[in-house]
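Mind the numbering: the sequence shown is residues 173 to 538 in our numbering, read in order.
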Amino acid sequence: MLVYVLRRLLFVIPTLFGIMSINFIIIQAAPGGPVEQMIAKMRGNAVDATSRITGAMNESLTSLDHMGSVLESKYQGAQGLDPELIAKLEKMFGFDKPPLERFLMMLKNYLTFNFGESYFKDRSVIDLIIEKMPVSISIGLWTTLLIYLISIPLGIRKAVRDGSPFDIWSSIAVVIGYAIPGFLFAILLIILFAGGSFWSIFPLRGLVSDNWDQLSLSHKILDYFWHMVLPITALVISGFANLTLLTKNSFLDEINKQYVITARAKGLTERGVLFGHVFRNAMLIVIAGMPATLIHVFFAGSLLIEVIFSLDGLGLLGFESAVNRDYPVVFGTLYIFTLLGLLLHIIGDLLYTFIDPRIDFEKRGG
173 MLVYVLRRLL FVIPTLFGIM SINFIIIQAA PGGPVEQMIA KMRGNAVDAT
223 SRITGAMNES LTSLDHMGSV LESKYQGAQG LDPELIAKLE KMFGFDKPPL
273 ERFLMMLKNY LTFNFGESYF KDRSVIDLII EKMPVSISIG LWTTLLIYLI
323 SIPLGIRKAV RDGSPFDIWS SIAVVIGYAI PGFLFAILLI ILFAGGSFWS
373 IFPLRGLVSD NWDQLSLSHK ILDYFWHMVL PITALVISGF ANLTLLTKNS
423 FLDEINKQYV ITARAKGLTE RGVLFGHVFR NAMLIVIAGM PATLIHVFFA
473 GSLLIEVIFS LDGLGLLGFE SAVNRDYPVV FGTLYIFTLL GLLLHIIGDL
523 LYTFIDPRID FEKRGG
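Below, the structure is given as structure tokens:
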């Protein structure tokens with residue numbers, strides 16, 4: 173198994189290289205880069221905020237009022253600007269170098285997790301990621317844990333009582349959870365429980381209260397979970413449906429196999445058959461979906477939830493960076509997301525062997 177893990181870890185390198193290469197090429201073709209963003213900010217017509225303008229840039233912009241010539245530029249909105257100013261902006265954002273040189277320099281730095289500085293936040297990318305990580309980890313881990321704690325027992329129960337009234341009524345709840353997006357549940361929860369129109373039981377925004385540093389340890393824990401109730405509930409309600417149906421179908425498929433009939437014929441109880449024989453085989457496909465569930469909750473499902481509940485996590489950071497064309501943050505978060513995703517898939521394979529020791533990836537060629 174060690175050889176297989178090492179082989180998979182080595183495979184992470186070309187995978188990361190391919191993903192970063194494709195996204196770098198796409199980014200180069202995307203309009204409205206950081207230079208255009210800064211030009212729009214200088215002209216006072218930027219839609220989104222970019223906060224860093226140096227004194228030299230302001231002085232150069234002021235001198236534009238005395239220029240009568242209109243200059244052509246490759247940047248949208250740069251007509252009439254001093255070419256020296258454009259050159260300073262290009263150097264400021266590293267666009268004075270050829271794309272290939274920039275890409276190779278980026279790869280070299282990323283090997284040591286040096287993601288550079290944010291264009292518009294005056295902070296290193298790694299500091300921003302570390303700052304936002306606790307929010308995304310909190311949302312992702314608690315949501316995934318609750319989804320599995322709810323979905324697996326519910327799916328098993330539905331499989332054992334297939335066709336019963338319990339199965340039918342619980343299927344209605346599953347369909348509702350599957351059909352309605354998590355952000356709509358979030359809005360409904362806010363209306364009901366966060367002072368929207370009815371009760372004001374839970375806070376509307378933030379991971380902790382403003383006076384969190386002044387609270388005792390026990391009150392800090394309670395305050396943390398108090399803030400997490402609504403966002404996690406919204407994600408769990410919209411996320412448990414798929415896993416519940418997957419668990420039910422997996423157990424139904426195993427229950428109808430010959431080895432289960434044989435085990436029953438030997439006099440084993442239904443509980444013994446279910447947890448002694450069926451569980452191990454049926455859980456394989458459920459375990460296989462764990463990395464995808466984690467990735468979805470961490471990097472996709474929590475984005476709108478972070479926006480709605482003002483939770484400043486990685487999803488919101490990546491989205492804002494893409495809108496503002498803050499490329500160091502875009503590529504830094506993409507690198508972290510991809511690396512975590514690949515590692516989670518390896519962990520999923522290890523869980524395979526833990527659930528069923530008969531599986532040997534080395535003999536199968538990995």
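Backbone N, C-alpha and C define an ideal beta-carbon position, used for all residues, glycine too. Source: prediction; values computed, not measured.
Point to revise | Nearest-angstrom beta carbon gap, Leu407 and Val546 [assumed within contact, 8 Å] | key: In this structure the chain extends from 173 to 538, so residue 546 is not present and cannot be described.
Review point. When DSSP labels each residue in this structure, what does Ser388 get in the three-state scheme?
Key: Looking up residue 388 in the sequence shown gives position 216. Residue state, collapsed to three classes: coil.
Point to revise | Alpha-carbon to alpha-carbon, Ile508 and Ser296 | key: Here residue 296 refers to the residue found at position 124 of the sequence shown. Here residue 508 refers to the residue found at position 336 of the sequence shown. Here the alpha carbon of Ser296 sits roughly 15 Å from the alpha carbon of Ile508.
**Study point:** Among Thr405, His449, Ile298, Lys438, the one whose alpha carbon lies nearest that of Leu486
**Key:** As a working note, residue 486 is residue 314 in the sequence shown. The residue with the shortest Cα to Cα distance from Leu486 is Ile298.
Point to revise | Per DSSP, the bridge partner or partners of Ala406 | key: Within the sequence shown, the letter at position 234 stands for residue 406. Partner(s): none; Ala406 has no beta bridge.
Point to revise | Cα-Cα separation, Asp498 to Met192 | key: Taking the sequence shown and counting its residues from 1, one reaches residue 498 at position 326. Taking the sequence shown and counting its residues from 1, one reaches residue 192 at position 20. Computed Cα separation, rounded: 16 Å.
Check your understanding: Using the rule of at least 16 other Cβ atoms within 10 Å of the residue's Cβ for burial, across every protein chain shown, is Leu466 buried or exposed?
Key -> Here residue 466 refers to the residue found at position 294 when the sequence shown is read from its first residue. Residue burial is scored here from C-beta neighbours: Leu466 has at least 16 other C-beta atoms within 10 angstroms and is therefore classed as buried.
Check your understanding: Alpha carbon to alpha carbon, how far is Asn453 from Val175?
Key -> As a working note, residue 453 is residue 281 in the sequence shown. As a working note, residue 175 is residue 3 in the sequence shown. About 25 Å.
Practice item. Would you list, in sequence order, the uninterrupted alpha helix (DSSP H) runs of no fewer than 4 residues that lie entirely inside the segment 452-527? Key: 462-468, 474-480, 486-496, 499-527
Review point. To the nearest whole angstrom, what separates the beta carbons of Tyr350 and Leu456, a pair I think is in contact under 8 Å?
Key: Numbered from its first residue, the sequence shown carries residue 350 at position 178. Numbered from its first residue, the sequence shown carries residue 456 at position 284. About 23 Å separates the two Cβ atoms, so there is no contact after all.
Review point. Looking at C-alpha atoms only, which residue of Phe196, His449, Arg329, Trp398 is the closest neighbour of Ser343?
Key: What you label residue 343 is simply residue 171 of the sequence shown in a count that begins at 1. Checked all of Phe196, His449, Arg329, Trp398; the closest Cα to Ser343 is Arg329.
Exercise for review: May I ask you to report which of helix, strand or coil DSSP gives Arg295?
Suggested key: As a working mapping, residue 295 is identified with position 123 in the sequence shown. Assignment of Arg295 by DSSP, reduced to helix, strand and coil, places it in the coil class.
Point to revise | CB contact flag (Met462, Gly504, <7 Å) | key: Walking along the sequence shown from the start, residue 462 turns up at place 290. Walking along the sequence shown from the start, residue 504 turns up at place 332. Not a contact, by the Cβ cut-off of 7 Å.
**Study point:** Residue closest to Ile427, alpha-carbon to alpha-carbon, out of Asn414, Lys304, Val445
**Key:** One-based indexing of the sequence shown puts residue 427 at position 255. Ranking the options by Cα distance to Ile427, first place goes to Val445.
Point to revise | Residue span of the alpha helix (DSSP H) that contains Val347, given as start and end | key: Position 175 of the sequence shown, counted from the first residue, corresponds to residue 347. In the DSSP assignment, Val347 falls within the alpha helix (DSSP H) that extends over 337-351.
Exercise for review: Could you check if Trp371 is buried or exposed, using at least 16 other CB atoms within 10 Å of its CB as the buried criterion?
Suggested key: What you label residue 371 is simply residue 199 of the sequence shown in a count that begins at 1. Classified as exposed, Trp371 has fewer than 16 neighbouring CB atoms from the shown chains inside 10 Å of its CB.
Check your understanding: Looking only at C-alpha atoms, which of Ser410, Asn421, Arg179, Gly378 sits nearest to Tyr396?
Key -> Taking the sequence shown and counting its residues from 1, the one referred to as residue 396 is at position 224. Among Ser410, Asn421, Arg179, Gly378, the Cα nearest to that of Tyr396 is on Gly378.
Exercise for review: Indicate the three-state DSSP secondary structure (helix, strand or coil) for Ser541 in the structure shown.
Suggested key: Since the first residue shown for the chain is 173 and the last is 538, residue 541 is missing from the structure and cannot be characterised.
**Study point:** Rounded straight-line distance, which links the Cα of Asp334 to that of Phe491
**Key:** The sequence position of residue 491 within the sequence shown is 319, counting from 1. The sequence position of residue 334 within the sequence shown is 162, counting from 1. Approximately 43 Å between the Cα atoms of the pair.
Exercise for review: Report buried or exposed for Gly448, applying the criterion of at least 16 other Cβ atoms within 10 angstroms of its Cβ.
Suggested key: Here the question's residue 448 lines up with position 276 in the sequence shown. With fewer than 16 Cβ atoms within 10 Å of its Cβ, Gly448 is classed as exposed.
Check your understanding: Expressed to the nearest angstrom, what Euclidean distance is found between the alpha-carbon atoms of Ser388 and Ser482?
Key -> On the sequence shown, position 216 is the one that residue 388 refers to. On the sequence shown, position 310 is the one that residue 482 refers to. One C-alpha to the other measures close to 24 Å.
Review point. How would you write the range of the alpha helix (DSSP H) that Gly367 sits in, first residue to last?
Key: Here residue 367 refers to the residue found at position 195 of the sequence shown. Where Gly367 is concerned, there is no enclosing alpha helix (DSSP H), given that its DSSP letter is neither H nor E.
Check your understanding: Using CA coordinates, which residue listed in Val347, Phe287, Asp425, Asn286 is at the minimum distance from Asn414?
Key -> As a first step, residue 414 is located in the sequence shown; it is residue number 242 there, counting from the start. When each option's Cα is compared against that of Asn414, the closest is Val347.
Exercise for review: Give the straight-line distance between the Cα atoms of Glu442 and Gln430, rounded to the nearest whole angstrom.
Suggested key: Mapped onto the sequence shown, residue 442 falls at position 270. Mapped onto the sequence shown, residue 430 falls at position 258. Whole-angstrom Cα-Cα distance: 15 Å.
Check your understanding: Can you list, in chain order, the residues of its chain whose CB lies under 7 Å from that of Pro353, leaving out five sequence neighbours each side?
Key -> Position 181 of the sequence shown, counted from the first residue, corresponds to residue 353. Hits under 7 Å: Ser410.
Point to revise | Given Ser117 as reference, the closest of Ala201, Asp484, Ile518 once Cα atoms are compared | key: Here the chain has residues from 173 to 538 only, and residue 117 is not among them.
**Study point:** Identity of the residues DSSP links to Glu303 by a beta bridge
**Key:** Taking the sequence shown and counting its residues from 1, one reaches residue 303 at position 131. DSSP output for Glu303 lists no bridge partner at all.
Exercise for review: Could you tell me whether the Cβ atoms of Pro375 and His391 are closer together than 7 Å?
Suggested key: In the sequence shown, counting from the first residue as 1, residue 375 sits at position 203. In the sequence shown, counting from the first residue as 1, residue 391 sits at position 219. The answer is no: Cβ separation not under 7 Å.
Practice item. Verify whether the separation of the beta carbon atoms of Leu361 and Leu394 is less than 7 Å. Key: Within the sequence shown, residue 361 is the residue found at index 189, counting from 1. Within the sequence shown, residue 394 is the residue found at index 222, counting from 1. If you check the CB distance, Leu361 and Leu394 do not come in under 7 Å.
Check your understanding: Rounded to a whole number of angstroms, what is the C-alpha to C-alpha distance between Asn286 and Ile301?
Key -> As a first step, residue 286 must be located in the sequence shown, where it is residue number 114. As a first step, residue 301 must be located in the sequence shown, where it is residue number 129. Approximately 12 Å, taken between the alpha carbons.
Review point. Beta carbon of Phe423, beta carbon of Ala494: below 7 Å?
Key: Numbered from 1 along the sequence shown, position 251 holds the residue referred to as residue 423. Numbered from 1 along the sequence shown, position 322 holds the residue referred to as residue 494. Cβ atoms of Phe423 and Ala494: not closer than 7 Å.
Point to revise | Close-in-space but distant-in-sequence residues of the same chain around Val177 (CB under 6 Å, 5 per side omitted) | key: As a working mapping, residue 177 is identified with position 5 in the sequence shown. For Val177, where only same-chain residues beyond five positions count, there are no Cβ hits under 6 Å.
Point to revise | Pair within 7 Å by beta-carbon distance, Phe548 and Ser323 | key: Missing from the structure shown is residue 548; the chain here goes from 173 to 538 and no further.
Exercise for review: Name, in chain order, the residues that DSSP records as bridge partners for Glu289.
Suggested key: Residue 289 sits at position 117 when you count from the first residue of the sequence shown. In DSSP, Glu289 forms a bridge with Ser296.
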